[in-house]
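In the numbering used here, the protein residues as written are 126 to 630. Taking it in order: structure first as structure tokens, then the write-up.
In structure tokens form, the structure reads like this:
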């Protein structure tokens with residue numbers, strides 16, 4: 126039995142949670158602490174953190190670390206979010222905290238922040254079908270779209286309740302024109318963060334101080350509150366009702382609103398606009414409140430990372446991931462075997478690095494996981510599912526290549542402007558195209574999805590790749606499907622591809 130403290134340094138506040146961890150059992154909450162330090166307040170023209178804000182936050186961290194030690198926490202883990210990652214002097218302040226407090230803060234990227242929020246939500250809520258998890262912070266908004274527990278997309282929007290209050294504040298109450306500008310700005314910022322197409326979102330989970338405050342105000346007004354708003358269902362109509370009141374009130378009037386923490390009275394209006402626009406963008410009538418958020422994700426990450434043995438074989442990890450996506454196993458394995466056979470016969474003649482063989486097999490195993498979301502554009506869904514997962518044994522670079530290879534097993538040929546290629550370096554784009562050309566051809570060789578092909582002989586001579594296809598029954602449909610998918614191989618290697626049935630067929 127050990128105790129762990131998790132500290133989240135946000136743009137508006139610092140929060141600490143101390144838990145007791147016992148192997149094989151759910152962890153137990155020991156204590157919580159929150160302080161509004163406004164680290165992101167009063168930044169310089171270049172976005173630098175202000176001296177007084179850094180001093181306030183450093184002092185709060187010193188007190189919280191002291192509390193954690195007094196509560197016998199054996200490990201203290203800390204993260205910093207938007208205010209620190211966006212500030213030119215953010216790293217300098219992190220170094221000062223290490224020297225003055227003895228706390229090593231990990232500066233999260235927007236994607237890492239979103240992943241922790243999603244991890245926390247998945248622990249507390251049944252994420253089934255299409256879902257979205259949103260974390261509304263003081264300096265940024267993280268949006269995760271998922272199917273079940275598989276992440277499709279992650280976006281970090283560079284504004285939050287505090288940064289918007291500083292940009293659109295100054296009027297008390299806010300004028301109609303400023304309010305209209307604020308709402309327009311938020312709507313534009315969220316436009317690219319909300320995925321287009323596919324099934325609608327059936328579950329929306331949101332976390333962050335703004336969301337908790339809105340839930341607390343609704344609970345106080347309706348008399349439905351308890352000791353925590355965790356799991357509270359916040360209706361869009363209630364958010365819009367509160368927003369209509371907040372936008373016309375003065376800060377003094379907001380300080381008297383039941384359920385609204387005094388430390389949020391000056392930033393709650395832009396925060397409420399974010400929540401209202403998120404619900405509008407997802408066409409959600411309600412959302413579930415996750416009162417735990419980033420710290421919960423941090424605790425889960427730390428506890429599982431320290432106690433759970435991960436699969437280290439990337440192929441085994443890929444198979445496990447594919448199972449979670451309800452893969453068509455027979456077809457995927459057949460395509461993987463065909464792609465592997467083509468690689469073994471052609472990688473030398475075509476000049477493909479032999480060390481890439483494992484990446485091709487993994488991409489082949491995962492090429493159709495996008496069906497988990499929908500048939501339409503499944504190749505693009507495969508890319509998003511793969512790029513946002515984690516496969517032990519693969520680096521982020523290798524995972525990006527695998528995702529790109531899987532994406533191009535069907536659909537349009539690779540183009541430089543495609544987001545799937547823009548995410549990787551130029552040399553890796555060449556690798557992705559080489560491997561995708563073999564995967565595309567292998568997928569065509571199982572066009573009927575009934576594993577009719579028993580083997581392929583491939584040779585390269587005088588600029589012509591010749592394939593002899595062996596299998597059972599008539600092979601006309603198979604050969605036609607393979608010929609249609611030979612286009613990327615021909616373009617990538619400047620060859621012609623001839624495909625014929627084997628002599629024994």
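Glycine included, each C-beta is placed from N, C-alpha and C at the ideal position.
With hydrogens ignored, establish whether the beta-carbon of residue 377 is closer than 7 Å to any heavy atom of the ligand ATP.
-> The ligand ATP is not among the ligands present in this structure, which contains no ligands whatsoever.
Check whether the Cβ atoms of residue 272 and residue 497 sit closer than 8 Å, and answer yes or no.
-> Yes.
How should residue 332 be labelled, buried or exposed, when 16 other C-beta atoms within 10 angstroms of its C-beta is the threshold for buried?
-> Of the residues assessed, residue 332 falls on the buried side of the cut-off, its CB having 16 or more other CB atoms within 10 angstroms.
With which residues is residue 168 paired in a DSSP beta bridge?
-> In DSSP, residue 168 forms no bridge with anything.
Contact set for residue 386: own chain, Cβ-Cβ below 7 Å, skip 5 residues either direction = Counting only Cβ-Cβ distances below 7 Å, and skipping sequence neighbours, we find 338.
Put residue 260 into one of helix, strand or coil per three-state DSSP.
-> Strand, per DSSP.
What are the residues that DSSP puts in a beta bridge with residue 417?
-> Paired residue(s): none; residue 417 is not in a bridge.
Taking all protein chains shown into account, decide if residue 375 is buried (16 or more other Cβ within 10 angstroms of its Cβ) or exposed.
-> With fewer than 16 Cβ atoms within 10 Å of its Cβ, residue 375 is classed as exposed.
By DSSP, does residue 431 sit in helix, in strand, or in coil?
-> Because residue 431 sits at a pLDDT of 42, beneath the cut-off of 50, its placement in the model cannot be relied upon, and the point is left open.
DSSP beta-bridge partners for residue 626?
-> Note: residue 626 sits in a beta bridge opposite 594.
What is the C-beta distance between residue 508 and residue 537, in whole angstroms, given that I count them as a contact (C-beta under 8 Å)?
-> A Cβ-Cβ separation of about 13 Å leaves residue 508 out of contact with residue 537 under the 8 Å criterion.
Return the chain-ordered list of same chain residues with a C-beta closer than 6 Å to the C-beta of residue 311, the five sequence neighbours on each side being excluded.
-> In the same chain as residue 311, and ignoring 5 residues on each side of it, the C-beta atoms closer than 6 Å to its own belong to 398, 399, 402, in chain order.
Beta-carbon separation of residue 208 and residue 319 under 8 Å?
-> Taking the C-beta atoms as reference points, residue 319 is found no nearer than 8 Å to residue 208.
Can you tell me the Cα-Cα spacing of residue 488 and residue 325, whole angstroms?
-> Between the alpha carbons of residue 488 and residue 325 lies a gap of roughly 28 Å.
What do you get for residue 200, buried or exposed, if any count of 16 or more other CB atoms within 10 angstroms of its CB means buried?
-> Exposed, by the Cβ-count rule.
N-terminal and C-terminal residue of the alpha helix (DSSP H) that residue 601 is part of = Annotation: the continuous alpha helix (DSSP H) that includes residue 601 extends over 601-609.
Mind listing, in chain order, the continuous beta strand (DSSP E) runs of no fewer than 3 residues lying wholly within the segment 276-339?
-> When DSSP assignments are scanned along the segment 276-339, the uninterrupted stretches of beta strand (DSSP E) that are 3 or more residues long and fall wholly within it turn out to be 328-332.
Residue 299 versus 381, 473, 370, residue with shortest Cα-Cα distance | Among 381, 473, 370, the Cα nearest to that of residue 299 is on 370.
Going by CA-CA distance only, name the one from 243, 262, 588, 292 that's closest to residue 269.
-> The shortest Cα separation from residue 269 among 243, 262, 588, 292 belongs to 243.
Pair within 8 Å by beta-carbon distance, residue 226 and residue 215 | Going by C-beta atoms, residue 226 is not nearer than 8 Å to residue 215.
Grouping DSSP H, G and I as helix and E and B as strand, with all else coil, what is residue 375?
-> DSSP places residue 375 in coil when its eight states are reduced to three.
For residue 277, which of 523, 494, 612 has the nearest alpha-carbon?
-> Closest option to residue 277, judged by alpha-carbon separation, among 523, 494, 612: 494.
Sorted by chain position, which residues of the same chain lie with C-beta nearer than 8 Å to residue 234's C-beta, five sequence neighbours on each side aside?
-> For residue 234, where only same-chain residues beyond five positions count, the Cβ hits under 8 Å are 210, 281.
Could you please give me the residues that DSSP links to residue 159 through a beta bridge?
-> DSSP, once it has assigned bridges, lists 140 as partnering residue 159.
Inspect the beta-carbon positions of residue 576 and residue 459 and report whether they are closer than 8 Å.
-> Cβ distance < 8 Å, so residue 576 and residue 459 count as in contact.
Determine the extent of the beta strand (DSSP E) in which residue 359 is found, giving its start and end residues.
-> Looking at the DSSP string, the run of the beta strand (DSSP E) that includes residue 359 is 358-360.
Residues near residue 574 by beta carbon distance below 6 Å, same chain, minus five either side | Here the set comprises 456.
Under the three-state reduction of DSSP, which class applies to residue 234: helix, strand or coil?
-> Residue 234 carries a coil assignment under DSSP once its states are collapsed to helix, strand and coil.
Mind checking whether residue 172 and residue 212 have CB atoms under 8 Å apart?
-> Their beta carbons are under 8 Å apart, which means residue 172 touches residue 212 by this criterion.
Is residue 141 near residue 193, with beta carbons less than 8 Å apart?
-> Contact annotation: residue 141 and residue 193 have beta-carbon atoms nearer than 8 Å.
N- and C-terminal bounds of the beta strand (DSSP E) containing residue 128 = Counting along the chain, the beta strand (DSSP E) containing residue 128 begins and ends at 127-134.
Exposure label - residue 431; buried when at least 16 CB within 10 Å | Any reading at residue 431 needs caution, since the residue's pLDDT is 42, under 50, leaving its predicted position unreliable; the model's value is listed next. Around the Cβ of residue 431, a 10 Å sphere holds fewer than 16 other Cβ atoms; the residue is exposed.
With a 10 Å radius around its C-beta and 16 neighbouring C-beta atoms as the bar for buried, classify residue 571 as buried or exposed.
-> Around the Cβ of residue 571, a 10 Å sphere holds 16 or more other Cβ atoms; the residue is buried.
Considering only residues of the segment 183-214, which uninterrupted beta strand (DSSP E) runs meet the minimum length of 3 residues and lie entirely inside it, listed in chain order?
-> Within the segment 183-214, the complete beta strand (DSSP E) runs of at least 3 residues are 200-205.
Is residue 380 helix, strand or coil by DSSP?
-> Residue 380 falls in the coil class under three-state DSSP.
Taking all protein chains shown into account, decide if residue 317 is buried (16 or more other Cβ within 10 angstroms of its Cβ) or exposed.
-> Flag for residue 317 reads exposed.
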